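If you want the working numbering, it's the position in the sequence shown, counting the first as 1, plus 163.
Below is one structure; the comments refer to it alone.
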Amino acid sequence: MLKQAIHDTIAKSLNKIGAHETDLILDHPEDLQFGDYTTNIAMQLAKPLKKSPRVIAQEIIDNIEPSPYIYKIEIAGPGFINIWVSPTLQYGELNTILTSSYYGKLEKTNRKTTIEYIDPNPFKEFHVGHLYQGAIGESLARLHEATGDDVTRLCYQGDVGLHVAKSIWGMHKLLADRGQELHYYEHKPIEERAAFMGEAYATGAKIFTEDEGVAAEIRQLNKKIYEKDSSVVEYYDTGRRWSLEYFDTIYHKLNTKFDGHIFESEVGPKGIEIVRKYLSKGVFKESDGAVVFPGEDYGLHTRVFINSLGLPTYEAKDIGLAHIKQEQYNPDLSIIITGNEVNEYFKVILKVLEIVNPELRKKTVHLSHGMVRLPEGKMSSRTGKVITANALLEQASESAIDIIQQSNKKLGHTPESLSITAQKIALAAVKYALLKNGIGKDVEFSFKESINFEGNSGAYLLYTYVRCNSILNKNRNTIANIEQIPLERLSINEQKILRLLTRFTDIVQ
């Protein structure tokens with residue numbers, strides 16, 4: 164790699180002047196007038212070498228051996244070393260870019276990475292937060308694949324727990340009120356079945372907070388679900404199947420294909436086993452019939468891992484999940500993506516993991532994102548309190564159709580092709596809007612800004628991509644002889660674009 168070659172060249176110079184190159188870092192200057200790479204290594208060495216940074220920088224430059232990669236080196240400011248890559252080498256890289264089927268993908272490594280994301284719970288809606296996780300998770304998966312990792316995409320889903328009991332109670336309630344049987348919905352479109360499931364959960368969740376008698380009934384129903392009582396099997400199996408079928412349709416829309424699904428019903432027993440084992444070692448404590456982790460001892464929250472009914476909580480399940488991932492996939496890196504509302508929760512989980520399995524903790528990374536906010540009130544009025552992923556994508560698609568029909572970009576669409584194009588634009592618009600400002604902050608999604616063919620939007624990038632491909636396809640003969648075109652014929656802006664293109668592999672890595 165170009166960056167590594169330049170790094171090695173400077174490292175040799177550092178060795179010649181008796182300096183250590185441990186902290187040698189090459190960055191890309193924001194402004195191309197300051198070169199293709201820059202380093203502050205001379206300023207880092209000023210104190211240990213007891214010399215001026217500019218003097219050290221000059222010594223480094225004087226001892227750099229001739230390199231086909233380096234065109235020019237200059238000292239800037241207090242001692243920055245700015246490096247220009249050979250234009251001829253960059254021009255040669257352009258041919259590689261044009262002829263490679265997957266430019267920038269690095270050689271395969273032996274590192275195995277698992278990425279857990281989206282994690283929608285059966286019996287509940289697939290909402291905008293899940294869509295955000297999908298955009299982040301799939302992007303990270305592709306980035307890790309591009310750097311050579313063997314990536315396993317995982318989805319962890321809550322197929323047991325109070326939310327399931329609330330939903331099943333709601334299913335019984337709605338069907339009784341409507342004089343219907345469960346099989347009434349069996350042959351309905353999957354979207355209609357999913358809507359019924361969402362309504363059932365909302366019904367059960369609402370009354371759970373309003374009627375203590377029903378709440379107690381739902382808690383007992385939850386216990387029956389864990390015990391696989393025959394009285395709940397039909398509703399449980401049917402609701403779970405409908406939910407998973409519905410989620411598959413959304414994964415398909417998002418261009419995400421999971422390599423594995425892990426369910427709470429699988430990890431609960433493992434979590435209980437680990438908690439019981441370390442209860443006897445003093446890591447956990449008993450409290451009012453439950454088993455808790457005394458988080459206050461570590462500056463964290465005390466949390467229940469096994470409740471008074473002897474059932475595993477989310478906390479115990481997450482500990483079981485970490486170990487099952489290790490057993491089934493043996494990753495070198497395990498990434499978990501969630502919303503930032505559970506940051507404090509995960510601090511406890513990671514602390515417990517650190518105590519019971521230090522090596523596994525070192526491999527585990529929790530990455531959290533902000534919330535999605537929709538400034539327009541239209542979505543809320545259309546879909547109720549929960550904004551579903553499908554509702555957002557459908558509205559984005561409708562907005563794309565409106566813009567295409569009002570613009571000069573109709574391109575002879577039939578109604579069917581217009582719909583397909585609009586769906587692609589909508590997905591690009593939504594994903595880019597969610598990702599473009601980083602993943603730590605809340606995101607304000609605006610249809611007007613996101614589905615815009617002239618701004619910093621996914622729609623504009625998609626349009627630019629199509630235009631670039633069109634130009635390339637019309638100039639295949641010229642491209643085949645690109646190396647015969649003198650470098651001097653490139654305009655200043657074309658040369659700047661070329662310099663930016665060759666940064667791609669560095670940025671991905």
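Don't be surprised by glycine CBs; every beta carbon is placed ideally from N, CA and C.
Nothing here was measured: the structure is a model prediction, and the numbers come from that model.
> Would you call the CB atoms of Leu472 and Lys510 closer than 7 Å?
Replying inline: Result no, Cβ atoms of Leu472 and Lys510 do not sit closer than 7 Å.
> Quick one: what's got a C-beta closer than 7 Å to His293's C-beta in the same chain, skipping five residues either side?
Replying inline: These residues qualify, in order along the chain: Ile281, Pro283 and Ala552.
> How about Tyr319 and Leu474: are their beta carbons less than 7 Å apart?
Replying inline: Pairing Tyr319 with Leu474 gives a Cβ-Cβ distance that is not under 7 Å.
>> When you compare the segment 327 to 335 with the segment 450 to 470, are there three or more beta-carbon pairs, one atom per stretch, that lie closer than 8 Å?
In response: No, the segment 327 to 335 does not touch the segment 450 to 470.
> Which of the three DSSP states, helix, strand or coil, is assigned to Lys179?
Replying inline: In the structure shown, Lys179 sits in a helix (DSSP, three-state: H, G or I).
>> Between which residues of its own chain and His424 is the CB-CB distance below 6 Å, once the five residues before and five after are set aside?
In response: Counting only Cβ-Cβ distances below 6 Å, and skipping sequence neighbours, we find Cys318.
> So Pro250 packs on Leu650, CB below 8 Å; how close in whole Å?
Replying inline: Contact between Pro250 and Leu650 holds: CB atoms are separated by about 6 Å, below the 8 Å threshold.
>> Cutting at 6 Å between CB atoms, please list the residues of its own chain near Thr546, excluding the five before and the five after it.
In response: Because Thr546 sits at a pLDDT of 36, beneath the cut-off of 50, its placement in the model cannot be relied upon, and the following sentence gives the value as read from the coordinates. Cβ neighbours of Thr546 within its own chain (closer than 6 Å, five residues either side excluded): Ala554.
> Going by alpha carbons, who is nearest to Asp190 out of Ser582, Gln569 and Trp247?
Replying inline: For the residues Ser582, Gln569 and Trp247, the minimum Cα distance to Asp190 belongs to Trp247.
> Out of Gly242, Leu212 and Lys213, which has the shortest C-alpha to C-alpha gap to Ile224?
Replying inline: The shortest C-alpha separation from Ile224 is found at Gly242.
>> Is it the case that the segment 433 to 450 contacts the segment 497 to 506, given that we only count it when at least three CB pairs across the two stretches are under 8 Å?
In response: The segment 497 to 506 is not in contact with the segment 433 to 450.
> I think Val593 touches Ala559, with their Cβ atoms under 8 Å apart; what is that distance to the nearest whole Å?
Replying inline: That belief holds up - the Cβ atoms of Val593 and Ala559 are roughly 6 Å apart, short of 8 Å.
> In terms of DSSP beta bridges, what is Trp247 paired with?
Replying inline: Bridge partners of Trp247: Lys235.
> If we ignore side chains and look at the alpha-carbon of each, how far apart do His170 and Asn418 end up?
Replying inline: Cα to Cα, His170 sits roughly 37 Å from Asn418.
>> Taking the alpha helix (DSSP H) that Val446 belongs to, which residues open and close that run?
In response: Element bounds for Val446: n/a, residue is neither H nor E.
> Going along the chain, which residues of its own chain have a beta-carbon closer than 7 Å to the beta-carbon of Leu516, five neighbours each way excluded?
Replying inline: Correct list, in chain order: Ile482, Ala485, Leu523, Arg524 and Thr527.
> What are the residues that DSSP puts in a beta bridge with Gly502?
Replying inline: DSSP, once it has assigned bridges, lists His532 as partnering Gly502.
> Under a Cβ-count criterion, where at least 16 other Cβ atoms within 10 Å of its own Cβ denotes burial, should Gly618 be classed as buried or exposed?
Replying inline: Gly618 comes out exposed.
>> Please list the terminal residues of the continuous alpha helix (DSSP H) segment that includes Glu380.
In response: Glu380 -> alpha helix (DSSP H) spans Glu375 to Tyr389.
>> Suppose you measure from the CA of Tyr266 to the CA of Gly452; what does that come to, to the nearest Å?
In response: Cα-Cα distance, rounded: 59 Å.
> Rounded C-beta distance between Ile660 and Ala622? I'm assuming under 8 Å.
Replying inline: That pair is no contact at about 21 Å.
> Taking C-alpha atoms, which residue in Leu345, Glu607, Glu490 and Leu581 lies nearest to Val535?
Replying inline: Nearest C-alpha to Val535: Glu607.
>> Buried or exposed for Gly540, going by 16 or more other Cβ atoms inside 10 Å?
In response: With a pLDDT of only 44 at Gly540, under 50, the local geometry of the prediction cannot be trusted, and no value is derived from it.
> Nearest to Val323 by alpha carbon, out of Gly311, Gln296, Arg305 and Phe286?
Replying inline: When each option's Cα is compared against that of Val323, the closest is Phe286.
> What residue ranges within the segment 288 to 359 form continuous beta strand (DSSP E) runs of no fewer than 3 residues, ordered along the chain?
Replying inline: Listed in chain order, they are 313 to 320.
> Between which two residues does the beta strand (DSSP E) containing Lys275 stretch?
Replying inline: In this chain, the beta strand (DSSP E) harbouring Lys275 covers Lys275 to Glu279.
> His532: buried (16+ other C-beta within 10 angstroms of its C-beta) or exposed?
Replying inline: Result: buried.
> Just curious, the alpha helix (DSSP H) that Arg217 is in, first and last residue?
Replying inline: Element bounds for Arg217: Pro216 to Asp225.
>> Buried or exposed, going by whether 16 or more other CB atoms sit within 10 Å of the CB of Val291?
In response: By the 16-neighbour rule on beta-carbons within 10 angstroms, Val291 is buried.
> What residue from Glu349, Gly367, Asp411 and Asp422 has the CA that sits closest to Glu397's CA?
Replying inline: Here the closest residue by C-alpha is Glu349.
> What are the partner residues of Ile200, as DSSP defines its beta bridges?
Replying inline: Residue identity check: residue 200 is Tyr in the sequence provided, not Ile. DSSP, once it has assigned bridges, lists Ile246 as partnering Tyr200.
>> Tell me the DSSP secondary structure of Leu516 in three-state form.
In response: Shown here, Leu516 sits in a helix according to DSSP, grouped into three states.
>> Quick check on Ser654: does DSSP put it in helix, strand or coil?
In response: When DSSP states are grouped into helix, strand and coil, Ser654 belongs to the coil group.
> What does a CB cutoff of less than 8 Å around Leu598 pick up in its chain, not counting 5 residues either side in sequence?
Replying inline: Counting only Cβ-Cβ distances below 8 Å, and skipping sequence neighbours, we find Ala298, Ile299 and Ser302.
> Among residues of its own chain, excluding the 5 on either side of Ile500, which ones have a beta-carbon nearer than 6 Å to its beta-carbon?
Replying inline: Counting only Cβ-Cβ distances below 6 Å, and skipping sequence neighbours, we find Tyr280, Gln296, Ile299, Gly300 and Leu530.
>> Under DSSP, the alpha helix (DSSP H) around Phe610 begins and ends at which residues?
In response: Per DSSP, the continuous alpha helix (DSSP H) segment holding Phe610 begins and ends at Phe610 to Ser613.
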